[in-house]
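Structure record follows, encoded as structure tokens.
Residue numbers (my numbering): 44 to 739.
Printed below as a string of structure tokens:
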């Protein structure tokens with residue numbers, strides 16, 4: 044049996060000729076050289092002239108202290124029983140079905156066609172209002188610019204850029220860091236924080252050119268689990284950065300709350316662990332990261348920019364968002380526009396074309412109108428700037444509070460989070476990768492649909508909500524709740540339109556034309572907006588695809604939302620084109636060659652395991668990784684490595700070889716064929732999937 048040689052970092056070396064997957068770590072694409080040249084922009088935060096020889100020591104206890112206990116703290120949140128959730132879910136589904144069935148019967152049995160026409164217009168009333176607001180807003184902006192000229196310059200702002208990560212590779216994270224570094228901030232300055240949720244990235248820490256602070260310390264997460272934080276501060280790609288690695292997956296919500304606890308205004312109910320870490324950040328870490336000539340003017344951060352590691356930011360995106368906040372004394376957040384990133388080979392993908400139209404229609408018809416009113420109700424996680432203000436302390440305090448209600452709707456709203464009313468800056472563009480299969484699309488839209496639908500309930504009954512926000516939330520709630528009736532009513536309306544042409548002329552034609560007013564405004568936006576204009580041909584094609592499939596997908600998505608009421612699971616991860624399953628990768632033995640028949644037989648066996656041995660205990664909360672070991676005993680006998688759950692993180696348990704009692708020593712982490720943890724039984728030295736890490 045061949046033994047693979049190891050590199051100094053512990054990753055097994057595999058000959059490049061044996062590698063067929065472009066996504067393996069052995070073929071990690073190298074980023075452009077970051078040497079400081081004249082055409083390269085100045086580093087955002089320069090290295091201070093004097094640095095300590097060693098990382099600053101910490102006087103705080105760590106998880107390695109014998110006095111520290113890893114026992115999880117008591118969770119004050121109410122845990123709903125399966126019976127309680129099932130009953131409330133059944134009641135909710137019954138109400139939705141009853142409402143839709145009642146309207147359907149009234150429409151079918153009614154003799155007047157006016158009912159159908161009225162509902163066609165009713166469900167579009169928000170879009171009509173948005174078109175009216177957009178027209179007035181654009182005209183008002185043009186007049187204001189003509190009378191008062193361009194906006195005034197903004198003095199230097201300090202930005203904290205947050206990159207929460209989970210499944211993203213080191214390559215994606217480094218690309219995101221580079222795009223933030225080169226984002227044309229002008230006079231502004233930024234420091235980056237990379238929050239790694241349960242999946243440490245050793246290559247990032249090892250790649251830091253200067254380390255001014257490093258420690259491990261205990262931490263209690265929002266899931267009320269005791270974990271370890273590994274904090275490293277220094278310079279990464281010529282940029283001041285703080286890496287915070289969590290020992291276990293605690294969820295993106297925990298990362299957002301921790302970031303605001305450390306760098307925004309502190310909330311009253313901040314736990315002591317976070318308060319101590321905040322003090323350490325402001326007394327030890329930030330002074331070491333900010334160059335000395337700038338430290339005297341630093342009075343704290345002005346904004347917290349949130350993005351995703353797999354997002355691609357346009358040049359000037361961060362600056363535009365920060366300056367929009369700085370010019371508006373009442374603004375608490377600003378959202379940019381999101382487009383689908385057309386990955387190589389997927390430029391004409393059905394899913395990309397379909398979702399590109401959905402993204403842009405919602406933003407340039409609906410969200411732009413909300414932006415003119417200062418009441419944006421959704422902040423995309425990949426391109427949002429949050430202001431550092433006292434009001435944010437109260438918002439984070441409410442967001443982080445445990446849910447103690449016995450009603451599942453309150454659990455649904457608070458667990459998925461809510462967004463403050465903010466500004467919309469369409470010029471600040473971010474491109475993000477989109478799902479490339481029906482399964483991944485439905486998983487993502489189930490999560491987004493739950494977020495949108497149940498946050499509308501919050502907007503309807505929340506505190507200090509404007510009448511306009513409540514009216515918009517009511518319209519969205521009705522439109523989503525009656526999705527089944529809307530599809531039926533559309534069919535009946537088209538039927539009456541055809542029948543009316545034969546018997547009564549075109550009496551329904553005005554309603555049909557009025558119903559296309561939002562689409563007509565979107566066509567105007569295609570001409571006015573540069574970002575839409577250069578994508579116009581694909582957006583037009585996406586419109587026709589959307590008309591063909593959207594009724595069926597809308598029904599399916601809302602059905603998933605209703606059936607998963609009370610389920611806060613994230614869903615399927617790895618939803619992008621680049622995360623699709625890779626072709627098989629072979630590591631032949633020195634003693635025998637593996638023929639094609641054997642390879643084919645093994646791959647088919649693995650695919651069968653994917654369907655029959657799903658590990659429900661760790662799906663979908665755990666990473667989509669499985670562990671496959673190469674044989675170390677009799678090559679004719681299979682070895683199995685099974686993924687088990689240890690807290691929220693999967694661990695490998697090498698099982699004994701049948702009849703020999705040996706165990707594997709070389710273990711490779713590979714992605715599951717369908718993005719789920721699997722039980723696989725590899726034979727010999729065949730590895731299936733994309734190798735991402737290696738251990739000796």
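Cβ coordinates follow ideal geometry from the N, Cα and C atoms, glycine included. What you are looking at is a predicted structure, and each value in this text was computed from that prediction instead of being measured.
Residue range of the beta strand (DSSP E) that includes residue i
i	result
residue 240	232 to 240
residue 420	Unbroken run through residue 420: none, as it is neither H nor E.
residue 275	269 to 279
residue 207	201 to 208
residue 262	253 to 263
residue 467	466 to 475
residue 403	Premise fails: residue 403 lies in the alpha helix (DSSP H), 393 to 404, not in any beta strand (DSSP E).
Local Cβ density within 10 Å of residue i, reported as buried at 16 or more and exposed below that
i	result
residue 669	At residue 669, the pLDDT of 35 sits below 50, so the modelled position is not reliable and the matter cannot be decided from this model.
residue 478	buried
residue 443	buried
residue 732	Confidence in residue 732 is poor, its pLDDT being 32 and thus under 50, which makes the residue's placement too unreliable to answer from.
residue 195	exposed
residue 144	exposed
residue 365	buried
residue 672	The pLDDT assigned to residue 672 is 36, lower than 50, so where the model puts this residue is not dependable, and the model offers no usable value.
residue 323	buried
residue 542	exposed
residue 188	exposed
residue 288	buried
residue 490	buried
Under 7 Å between C-beta atoms of residue i and residue j
i	j	result
residue 159	residue 525	no
residue 418	residue 512	yes
residue 585	residue 406	no
residue 426	residue 379	yes
residue 21	residue 382	Residue 21 falls outside the range modelled here, since the chain spans only 44 to 739, and no answer is possible.
residue 205	residue 349	yes
residue 415	residue 176	yes
residue 293	residue 264	yes
residue 199	residue 230	yes
residue 344	residue 306	yes
residue 203	residue 328	no
residue 588	residue 397	yes
residue 472	residue 574	yes
residue 496	residue 523	yes
residue 254	residue 377	no
residue 518	residue 169	yes
Selected residue, minimal CA-CA separation from residue i, among the options
i	options	result
residue 282	124, 268, 315, 235	235
residue 527	128, 141, 130	141
residue 757	342, 132, 209, 423	Summary: the structure shown does not reach residue 757, with the chain confined to residues 44 through 739, and so no result is reported for it.
residue 238	363, 207, 502	207
residue 246	255, 214, 190, 163	214
residue 492	248, 576, 602	602
residue 357	320, 317, 412, 470	470
residue 560	151, 167, 338, 476	167
residue 146	582, 503, 532	532
residue 428	221, 309, 465	465
residue 404	174, 376, 317	174
residue 384	161, 578, 183	578
residue 371	223, 185, 355, 197	197
residue 351	298, 359, 184	298
residue 501	488, 409, 354, 516	516
residue 571	311, 284, 408, 170	408
residue 220	172, 266, 243, 278	278
residue 562	590, 538, 334, 486	590
Residue range of the alpha helix (DSSP H) that includes residue i
i	result
residue 574	573 to 576
residue 160	157 to 165
residue 219	213 to 224
residue 350	Counting along the chain, residue 350 falls outside any alpha helix (DSSP H), and DSSP gives it neither H nor E.
residue 286	From DSSP, residue 286 is part of no alpha helix (DSSP H) but of the beta strand (DSSP E) over 282 to 289.
residue 130	125 to 152
residue 380	No alpha helix (DSSP H) holds residue 380; the beta strand (DSSP E) holding it covers 376 to 383.
residue 333	Neither: residue 333 is in no alpha helix (DSSP H) and is coded neither H nor E.
residue 602	579 to 606
Beta carbon proximity, residue i to chain D, threshold 7 Å
i	result
residue 495	This model lacks chain D altogether; it includes just one protein chain.
Flag this pair as touching only if the segment 428 to 445 and the segment 600 to 612 have three or more C-beta atom pairs under 8 Å; answer yes or no.
Taking 8 Å as the limit for Cβ pairs, the verdict is that the segment 600 to 612 does not touch the segment 428 to 445.
Taking contact to mean at least 3 C-beta pairs separated by less than 8 Å, is the segment 386 to 395 in contact with the segment 265 to 273?
No, they do not touch.
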